[in-house]
Amino acid sequence: MTTKPLGSALGWLVGFVAVVIALDSTPLLSKDAAIVVDDSAQLAAGVAAAVACWWTARRHTGTQRRWRLLMAVGMAGWSVGQAIWSWYQIFADTPLPCPSLADVGYLTMPVLALPALLSLGSGVSRQPGTGARHGSTVYLLDSVVVVGSLFVITWATSLGTVVHTVAPTAPAFVTAVAYPATDLVLVVIVGLLAVTRRVPEQYRTQLALLGSGLIAISVSDSIFAYIISSGGEEMPPATNVGFIAGPLLIALAARTGADMRHGAHVRRPPHRTEIA
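Under the numbering used here, the first residue of the sequence shown is numbered 990, with each subsequent residue one higher.
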């Protein structure tokens, strides 16, 4: 995807998100109708990301195929979680239990996004004398140290209150901790890749889109946790931007090409020779 089509795609993305937020905020829609619009937009964005990652993976091999397949499965799981959440919000008469199958689906995404990021990061830049596995291990260990420090700080300030508010049982406690922990890991990995990797120019847009999408989802996750901890019953429409824009940015990342000189080979049809 070249600069001009990418700019156009980003423009459509911003326009779509703006329309959804405007519809959710307008008094012309009832509360139930606004929920349908919001949940449908999030589900459509998740499905679009899963399909885009899977479809473009078919045209690549190596690292470029691997990270796309990981994100395809991760976003498919996220979409299943969103579908279950939407069903309970729109059709069910009982609240969604915690933990539930929706949590399994949602958490599939960060669990698979981590190796996808490490795979992409190790595939685009290698230090002399080191392999991809060594580089991925170093970045994973660095992220564990940073996340551990941040987790202790946030637990002592606000996270502990959030968890105790929404997690009265042990399974609910594990589920409540899993969301901020995985969000922190992804944000730190994206930051480390952006700051310390000498990423070739042809990969920077791809990493920027994927990282921005994951961060957008993490930010909305954090806002949701804060609202729940403060006794709120619903998220304002604008705070759901990350759940719509994030998956769409991941879809754009999958649509962004890669250079073959760095191990990301694009599958091409075999050359046909003419018979004289």
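From the three backbone atoms N, C-alpha and C, an ideal C-beta is built for every residue, glycine too.
Note down the Cα distance separating residue i from residue j, rounded to an integer number of angstroms.
i	j	result
Gln1078	Pro1160	22 Å
Ala1007	Pro994	20 Å
Leu1017	Glu1223	19 Å
Arg1115	Ile1204	For Arg1115, the pLDDT reaches just 47, beneath the cut-off of 50, and the residue's location in the model is therefore unreliable, although a value from the coordinates is still provided. If I take the Cα positions, the gap works out to 24 Å.
Trp1076	Thr1194	35 Å
Ala1065	Ser1019	30 Å
Ile1010	Leu999	17 Å
Val1025	Val1062	25 Å
In the DSSP assignment, find the alpha helix (DSSP H) that holds residue i and state where it starts and stops.
i	result
Asp1028	1020-1046
Phe1080	First-last for Phe1080: undefined, no H or E at that position.
Pro1236	1230-1244
According to DSSP, is residue i part of a helix, a strand, or is it coil?
i	result
Ala998	helix
Gly1063	helix
Throw me the rounded Cβ distance for the residue i and residue j pair, which I believe falls under 8 Å.
i	j	result
Thr1015	Ala1243	So it is not a contact: roughly 32 Å between Cβ atoms.
Leu1032	Ala1072	6 Å
Pro1088	Thr1164	4 Å
Gly1200	Val1174	About 13 Å; that fails the 8 Å criterion.
Val938	Ser1207	No information on residue 938 is available, as it lies outside the stretch 990 to 1265 that the chain covers here.
Which same chain residues, not among the five before or five after residue i, have their C-beta less than 8 Å away from its C-beta?
i	result
Leu1002	Ala1234, Leu1237, Leu1238, Leu1241
To which residues of the same chain is residue i closer than 7 Å at the C-beta, ignoring the five residues directly before and after it?
i	result
Ile1216	Met1224
Beta-carbon within less than 6 Å of residue i's beta-carbon, same chain only, minus the 5 sequence neighbours each way: which residues are those?
i	result
Asp1092	Thr1164
Tyr1168	Asp1210
Ala1081	none
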